[in-house]
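Residues 575 to 1032 (this note's numbering) are what the sequence shown spells out, left to right.
See below for the structure under consideration.
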Amino acid sequence: MYVCSNCGQESAKWIGKCPACGQWNTFKEIRVSADTGTNAARSAAQSVRSAMSSNHNRPMRLRDISAKDEPRMSTGDGELDRVLGGGLVPGSIVLLGGEPGIGKSTLTLQTILNMHDRRVLYVSGEESAHQLKMRAERLAPKAAADELLILTETSLEAIFEHIRDVQPQLVVIDSIQTIATEEVESSAGSISQVRECAAALLRFAKSSGVPVILIGHINKEGSLAGPKILEHIVDTVIQFEGDQHYMYRILRSIKNRFGSTSELGIYEMQPTGLRQVSNPSELLLTQDHEGLSGIAISSAIEGVRPFLLETQALVSSAAYGTPQRSATGFDQRRLNMLLAVLEKRVGFKLMQKDVFLNIAGGLRVTDLAMDLSVIAAVLSSNVDTPIESGWCMAGEVGLSGEVRPVSRIETRIAEAQKLGFTHFILPRYNLQGLDRSKFSIELHPVRKVEEALRALFG
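This is how it looks when you write it as structure tokens:
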């Protein structure tokens, strides 16, 4: 059979141009052999399932199926549990993606070292057992990981044999790109190998009820290596992000069948491993900004947690004729829209100015309540006047210059008050039903952008 190495499209004969993705010369010949991986997955699942219970898959009436939530398996890591939606669901398959060297294996090994009451099988196709032992001693020198089993193997059929022998309660595959099955003749890491191995592991997880964690790499295009079909197969896709030159790492849920996809987990990389950051606002606001222009503090929400974020802007005369617009951690098109609102509704001429925007700490923010702080930071840099310390804000800006209401305003105000801010600018509509007596912070309700700028700059 011929398979496209770019998208996984199958064909009975060689084709020059792939009809699915349009790429040229991507069809590679593979040998289709007996379905050994599927049989191995089925027998391993039956062995584990028979050890756990005697129930077998059979058709059931809808009214006979229990609607109670199955107890989730806690990983012992509060940040990871929250991103997963409360822990690992029995029989689920989780894909953890990230760039090489970002800390995927460190996070996984550190987590399972703390799961003392679970038998975990850690399959490594990249590192030797000796390397894993040295890393484990560095991460948790006193951890009594009696139930942690290490296996260095790249053959899928051999892995299922070991699963049948040890009957683990959690399986970790590091990484899916190194595993190969005898069904497919191509080398490990190819489209067909990754797809077949992931499908067999999915079959095992769903049949046995044992959760499986797959670790996958990010390729040069920024997407998970292997076919896009891998993201469709798994139940949960979580991505480990961050710059290798900074100490922060962000765990972000991209797809989750059992929880919210708007959750964030934040870690700090240290010599002894990854430390959970339970209050990221304090870390993101560690520096003193007294007397510096172009900096505004915004109260944003990602998932269920409020963050106080520092918005930095730099406005300067265009040196090369065509003005530049650059945004890091913020939507570029939304920045262009806000600059147009400033020019049309407020009367500030930014047509011949370069504008650079940055969200400090390496975070990527999608909360619309950041609009007000973006406009305030741009204007502060344009007139070179710093915003007084103690001011925080939240509000969405519309095309006519009005400040629109935002969700969960009480949570945002409480976070600002907790960190010592004394003034908070909010949309006037959000005052409806708000108990002002609960807050000691001074509230400044505004209806238009001009009112917010008047409150900030006089």
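By construction, the Cβ of each residue, glycine as well, lies at the ideal position given by its N, Cα and C atoms.
Checklist entry - Which whole-angstrom value describes the C-beta separation of leucine 658 and glycine 833, a residue pair presumed to lie in contact below a C-beta threshold of 8 Å? => result With 8 Å as the limit, leucine 658 and glycine 833 qualify as a contact, their Cβ atoms being about 6 Å apart.
Item to check | C-alpha gap between proline 742 and tyrosine 696, whole angstroms | outcome: Whole-angstrom Cα-Cα distance: 10 Å.
Checklist entry - From glutamate 700 to valine 740, what distance separates their C-alpha atoms? => result For glutamate 700 and valine 740, the distance between alpha carbons rounds to 21 Å.
Item to check | Residues near isoleucine 765 in its chain [Cβ-Cβ closer than 8 Å; skip 5 each side] | outcome: For isoleucine 765, same chain residues with a beta-carbon under 8 Å away, outside a window of 5 residues either side, are Val577, Cys578, Ser579, Asn580, Cys581, Gly582, Gly800 and Pro801 in chain order.
Item to check | Inter-residue CB distance, valine 768 and isoleucine 750 (contact presumed, cutoff 8 Å) | outcome: Contact holds; Cβ gap of about 6 Å.
Checklist entry - Taking buried to mean at least 16 other C-beta atoms within 10 Å of its own C-beta, is asparagine 629 buried or exposed? => result Note on asparagine 629: pLDDT 48, under 50, position unreliable in the model; the coordinate value appears next. Within a 10 Å sphere around the beta-carbon of asparagine 629 sit fewer than 16 other beta-carbons, which makes this residue exposed.
Item to check | Through-space distance from valine 758 to leucine 946, alpha-carbon basis | outcome: Taken atom to atom, the span from the alpha-carbon of leucine 946 to that of valine 758 is near 55 Å.
Checklist entry - Do you know offhand how far aspartate 655's Cα is from glycine 661's? => result If you take the alpha carbons of aspartate 655 and glycine 661, they lie about 4 Å apart.
Checklist entry - Considering only C-alpha positions, which residue in the set Thr902, Leu1005 and Arg646 is nearest to valine 1020? => result Considering only alpha carbons, the answer is Leu1005.
Next on the checklist: So, for lysine 923: in the same chain, excluding its five sequence neighbours on each side, which residues have a beta-carbon less than 7 Å away from its beta-carbon?
Outcome noted: Cβ neighbours of lysine 923 within its own chain (closer than 7 Å, five residues either side excluded): Glu917.
Item to check | leucine 725 CB to nearest heavy atom of the ligand ATP below 8 Å | outcome: In terms of ligand content, the structure shown is empty, and the ligand ATP therefore cannot be addressed.
Item to check | the stretch 951–960 in contact with the stretch 880–895 per 3-pair CB rule at 8 Å | outcome: Flag = yes, the stretch 951–960 and the stretch 880–895 touch.
Next on the checklist: So, for leucine 713: in the same chain, excluding its five sequence neighbours on each side, which residues have a beta-carbon less than 8 Å away from its beta-carbon?
Outcome noted: Correct list, in chain order: Thr680, Leu683, Gln684, Leu687, Thr846 and Gly847.
Next on the checklist: Rounding to the nearest angstrom, what Cα-Cα distance links glutamate 1025 and serine 648 in this structure?
Outcome noted: Rounded to the nearest angstrom, the two C-alpha atoms are 48 Å apart.
Checklist entry - At which residues does the alpha helix (DSSP H) containing phenylalanine 734 begin and terminate? => result 730–740 is the span of the alpha helix (DSSP H), which, as asked, contains phenylalanine 734.
Checklist entry - Can you give the Cα-Cα distance for proline 880 and leucine 1000, rounded to whole angstroms? => result Spanning the two alpha carbons is a distance of roughly 15 Å.
Next on the checklist: Would the stretch 891–908 count as touching the stretch 925–932 if we require 3 or more Cβ pairs under 8 Å?
Outcome noted: Because the criterion of three Cβ pairs below 8 Å is met, the stretch 891–908 and the stretch 925–932 touch.
Item to check | Range of the contiguous alpha helix (DSSP H) that encloses lysine 707 | outcome: That run of the alpha helix (DSSP H) goes 703–713.
Checklist entry - Looking only at DSSP bridge pairs, what is methionine 843 linked to? => result Methionine 843 is bridged to Leu848.
Checklist entry - When the Cα atoms are used, what is the spatial distance from glutamate 653 to glycine 839? => result Inter-residue distance for glutamate 653 and glycine 839 is about 5 Å (C-alpha atoms, whole angstroms).
Item to check | Helix, strand or coil at threonine 902 [DSSP, three-state] | outcome: Strand.
Next on the checklist: Based on DSSP bridge pairs, tell me the residues matched to tryptophan 965.
Outcome noted: Beta-bridge partners of tryptophan 965 (DSSP): His997.
Item to check | Every unbroken beta strand (DSSP E) within the stretch 868–927, with a cutoff of 3 residues, ordered by chain | outcome: Listed in chain order, they are 869–876, 879–891 and 899–902.
Checklist entry - Where does glutamine 813 sit, in a helix, a strand or coil, going by DSSP? => result If DSSP states are grouped into helix, strand and coil, glutamine 813 belongs with the strands.
Checklist entry - Do the CB positions of alanine 892 and leucine 883 come within less than 9 Å of each other? => result No.
Item to check | Beta-carbon spacing of isoleucine 812, asparagine 830 below 9 Å | outcome: Their beta carbons are under 9 Å apart, which means isoleucine 812 touches asparagine 830 by this criterion.
Item to check | DSSP-derived helix/strand/coil call for histidine 791 | outcome: Note: histidine 791 maps to strand in three-state DSSP.
Checklist entry - Just reading off the beta strand (DSSP E) that phenylalanine 1023 is part of, what are its end residues? => result The sequence given here places valine at residue 1023; phenylalanine does not occur at that position. Not the beta strand (DSSP E): valine 1023 falls in the alpha helix (DSSP H), residues 1023–1031.
Checklist entry - Of all the beta strand (DSSP E) runs that stay within the bounds of the stretch 632–714, which reach a length of 3 or more residues? => result DSSP runs (the beta strand (DSSP E)) wholly in the stretch 632–714: 667–672 and 694–698.
Next on the checklist: Using the three-state DSSP reduction, which class does arginine 982 fall into: helix, strand or coil?
Outcome noted: In the three-state DSSP reduction, arginine 982 falls in the coil class, being neither helix nor strand.
Item to check | Cross-strand partners of arginine 769 (DSSP beta bridge) | outcome: Answer is none; arginine 769 lacks a bridge partner.
Checklist entry - Quick one: what's got a C-beta closer than 7 Å to threonine 726's C-beta in the same chain, skipping five residues either side? => result If we look at threonine 726 and ignore the five residues flanking it on each side, its Cβ neighbours are Ser698, Ser702 and Ala703.
Next on the checklist: I'd like to check one pair, proline 854 with proline 664: are the Cβ atoms closer than 9 Å?
Outcome noted: Against a cut-off of 9 Å, the Cβ pair of proline 854 and proline 664 comes out as no contact.
Checklist entry - The alpha helix (DSSP H) with proline 854 in it runs from where to where? => result Per DSSP, proline 854 is one residue of the alpha helix (DSSP H) stretching across 854–858.
Checklist entry - Candidates Ala719, Gly672 and Leu669: which alpha carbon is nearest histidine 690's? => result It is Ala719.
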